[in-house]
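For the sequence shown, the numbering used here assigns the number 104 to the initial residue and increments by one for each residue that follows.
Just so it is clear, CB atoms sit at the ideal spot from N, CA and C, and this is done for glycine as well.
Report on one structure; see the data block that follows.
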Amino acid sequence: MPERRTVALVTLGCARNEVDSEELAGRLEADGWELVEDAEDADVAVVNTCGFVEAAKKDSVDALLEANDLKGHGRTQAVVAVGCMAERYGKELAEALPEADGVLGFDDYADISDRLQTILSGGIHASHTPRDRRKLLPISPAERQRAGAGVALPGHALVDATAGSDAAAGPGAADGSATATPADLPDGIAPASGPRAPLRRRLGSSPVASVKLASGCDRRCSFCAIPSFRGSFISRRPSDVLGETRWLAEQGVKEIMLVSENNTSYGKDLGDIRLLETLLPELAGVDGIERVRVSYLQPAEMRPGLIDVLTSTPKIAPYFDLSFQHSAPDVLRSMRRFGDTDRFLELLDTIRSKAPQAGVRSNFIVGFPGETEADLAELERFLTGARLDAIGVFGYSDEEGTEAATYENKLDEDVVAERLAHVSRLAEELVSQRAEERLGETVHVLVESVDEDGVVGRAAHQAPETDGQVLFTEETGLSVGRMVEAKVVGTEGVDLVAEPLQSSLACTEEAAR
104 MPERRTVALV
114 TLGCARNEVD
124 SEELAGRLEA
134 DGWELVEDAE
144 DADVAVVNTC
154 GFVEAAKKDS
164 VDALLEANDL
174 KGHGRTQAVV
184 AVGCMAERYG
194 KELAEALPEA
204 DGVLGFDDYA
214 DISDRLQTIL
224 SGGIHASHTP
234 RDRRKLLPIS
244 PAERQRAGAG
254 VALPGHALVD
264 ATAGSDAAAG
274 PGAADGSATA
284 TPADLPDGIA
294 PASGPRAPLR
304 RRLGSSPVAS
314 VKLASGCDRR
324 CSFCAIPSFR
334 GSFISRRPSD
344 VLGETRWLAE
354 QGVKEIMLVS
364 ENNTSYGKDL
374 GDIRLLETLL
384 PELAGVDGIE
394 RVRVSYLQPA
404 EMRPGLIDVL
414 TSTPKIAPYF
424 DLSFQHSAPD
434 VLRSMRRFGD
444 TDRFLELLDT
454 IRSKAPQAGV
464 RSNFIVGFPG
474 ETEADLAELE
484 RFLTGARLDA
494 IGVFGYSDEE
504 GTEAATYENK
514 LDEDVVAERL
524 AHVSRLAEEL
534 VSQRAEERLG
544 ETVHVLVESV
554 DEDGVVGRAA
564 HQAPETDGQV
574 LFTEETGLSV
584 GRMVEAKVVG
594 TEGVDLVAEP
604 LQSSLACTEE
614 AAR
């Protein structure tokens, strides 16, 4: 009988990392590892790190050190770093953090079981040497699908054994058939025929799950290092996305959130930049799925057809996670981005003319090199007129390897901090006002938790983790995973207080029978 091997995955960062962790979990479980929830109960603690900004990197280091503290006090024998920070720094991270028994890059994911076994047995697996992953794929997006077969793409758990000239096949042909095969499954795991399950293992029981549309990014924002360690943009095939969504629905998932570094570019390397508009109705039609949400949209790439699908398709949330970053033209040009206050407001007017209740969120950077008082005032003008449901505000800081880090006109740290505090206060006030505008609205809420503290869910304009939530005034008839129609009767900052409609509760009770 094989020796019992246990592993725990600790995930930091964004929803894309969560998908990557569940892929790693699928690979490990398929090779006989037992997955446990707590690091202290695991032989190996695998920390999926974030390498986006300094605060996230610090959290990753803290998590590695916390896991390391378990060694010698329980079952834990090894701590291994994976994820963006591990990929980005490799040997440098290993040298700076000797507490980590291994630092594995994306290229190690396909062999994760062997890597962990080597480390657990006292062996050493050399930390990888970081490289610019943008150079691993052809410059032309049209040439990437075939070339990408030999490039590690975390979260792309399904590959098509017949990929080739039909790589641009649309979702209408995706039937979950036997051509969709899990990548790198150990011998004897893959079924001989019939639909294949994705190489993924859920690490929680939430009725919400993320699905990757693509990996990497072709944009060259001057402040962002992500493309250098995530690589160039490459889409997943529609059949893979549909197959994974069907599998998640079978696991009890009610809402899927489509994630990537830039969802508006989906399909450009498959020969159809409008492929998302075709795929979304197919996803909404999957049995068991109640809501489909799209995140990470670029304002400069929004197109009328995509807006129409997002605002008019049943079960597709009219939700717009738009990456504005700023609205002053000079700052945006310095960021290597496009747009201005008036064009952004016009985009929002177009969206709300089609779906008045549409949700919109965005992130902004203040204190960018060269940002003037006039630029800050222009950003405030946009924020005041945009009526955003959720706003994230970050103070600029240098990211090594980025163009902006080389700029000379940097603002003093105290000026950046002052502007961050000022805009953050404004943002908090504005999102509270926007929540109050929703008083009296009827919202469709997915119930996510029911406990002694009450019932909590999210409406269509609220994404997991990043936005507000809905607090119910009563608990009768509500259970996790139910979609409930409710009336907004109050607010608590960005959160809504809602009263379930009796007709919705009656339908819920009937469905339960």
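When Glu-202, Glu-551, Ser-163 and Glu-190 are compared against Val-182, the one with the closest alpha-carbon:
Glu-202
From Leu-316 to Thr-232, what does the alpha carbon distance come to, in whole angstroms?
27 Å
Under the rule that 16 or more other beta-carbon atoms within 10 Å means buried, what is Gly-462, buried or exposed?
buried
Can the beta-carbon of Val-519 be found closer than 9 Å to that of Val-496?
no
Whether or not the segment 547-558 and the segment 508-523 are in contact is what I'm after, with contact meaning three or more pairs of Cβ atoms, one per stretch, closer than 8 Å; do they touch?
no
Inter-residue Cα distance where the pair is Leu-533 and Phe-467:
14 Å
Beta-carbon proximity check, Ala-493 vs Arg-464, cutoff 9 Å
yes
Under three-state DSSP, which class holds Ala-111?
strand
Here's the rule: buried if 16 or more other CB atoms are within 10 angstroms of the residue's CB, otherwise exposed. What is Val-149?
buried
Reduced DSSP secondary structure (H/G/I, E/B, other) of Ala-420:
coil
Rounded straight-line distance, which links the Cα of Ala-184 to that of Ala-133
21 Å
Short of 6 Å in beta carbon distance, which residues of its chain neighbour Ala-548, apart from the five on each side in sequence? Order them along the chain.
The residue asked about is misnamed: residue 548 is Val in this sequence, not Ala. Counting only Cβ-Cβ distances below 6 Å, and skipping sequence neighbours, we find Gly-560, Ala-562, Val-573, Val-587 and Ala-589.
Element boundaries [alpha helix (DSSP H), containing Pro-432]
432-437
Phe-447 and Ala-489 closer than 9 Å at C-beta:
yes
Could you give the distance in angstroms between the alpha-carbon of Gln-208 and the alpha-carbon of Phe-423?
Checking the displayed sequence, the identity of residue 208 turns out to be Gly instead of Gln. Roughly 32 Å between the two C-alpha positions.
Could you check the C-alpha separation between Asp-214 and Thr-114 for me, to the nearest Å?
Rounded to the nearest whole angstrom, the CA to CA distance from Asp-214 to Thr-114 is 19 Å.
Element boundaries [alpha helix (DSSP H), containing Ile-524]:
It should be pointed out that residue 524 corresponds to Ala in this sequence rather than to Ile. Element bounds for Ala-524: 516-540.
Helix, strand or coil, according to DSSP, for Arg-191 in the structure here?
Looking at Arg-191 - three-state DSSP - the assignment turns out to be helix.
Beta carbon proximity, Met-438 to chain C, threshold 9 Å
The chain labelled as chain C is not found in the depicted structure, where only one protein chain is given.
From Arg-234 to Ile-329, what does the alpha carbon distance come to, in whole angstroms?
12 Å
Beta-carbon within less than 8 Å of Arg-178's beta-carbon, same chain only, minus the 5 sequence neighbours each way: which residues are those?
Thr-109, Glu-143, Asp-144, Ala-145 and Asp-146
Counted within 10 angstroms of its Cβ, other Cβ atoms place His-259 as buried (16 or more) or exposed
Around the CB of His-259, 16 or more other CB atoms lie within 10 Å, so the residue is classed as buried.
In terms of alpha-carbon separation, which member of Leu-529, Val-397 and Gly-584 lies closest to Ala-118?
Val-397
Here's a check: name, in chain order, each residue in its chain whose Cβ is nearer than 6 Å to the Cβ of Gly-593, leaving out the five neighbours to either side.
Val-600
Going by the beta-carbon positions, is the gap between Ala-530 and Leu-486 smaller than 9 Å?
Against a cut-off of 9 Å, the Cβ pair of Leu-486 and Ala-530 comes out as a contact.
Starting from the C-beta of Ser-331, find all residues in its chain whose C-beta is less than 8 Å away, skip the five residues before and the five after it, and write them out in chain order.
Closer than 8 Å at Cβ, skipping near neighbours: Arg-191, Asp-235, Arg-236, Arg-237 and Gly-504.
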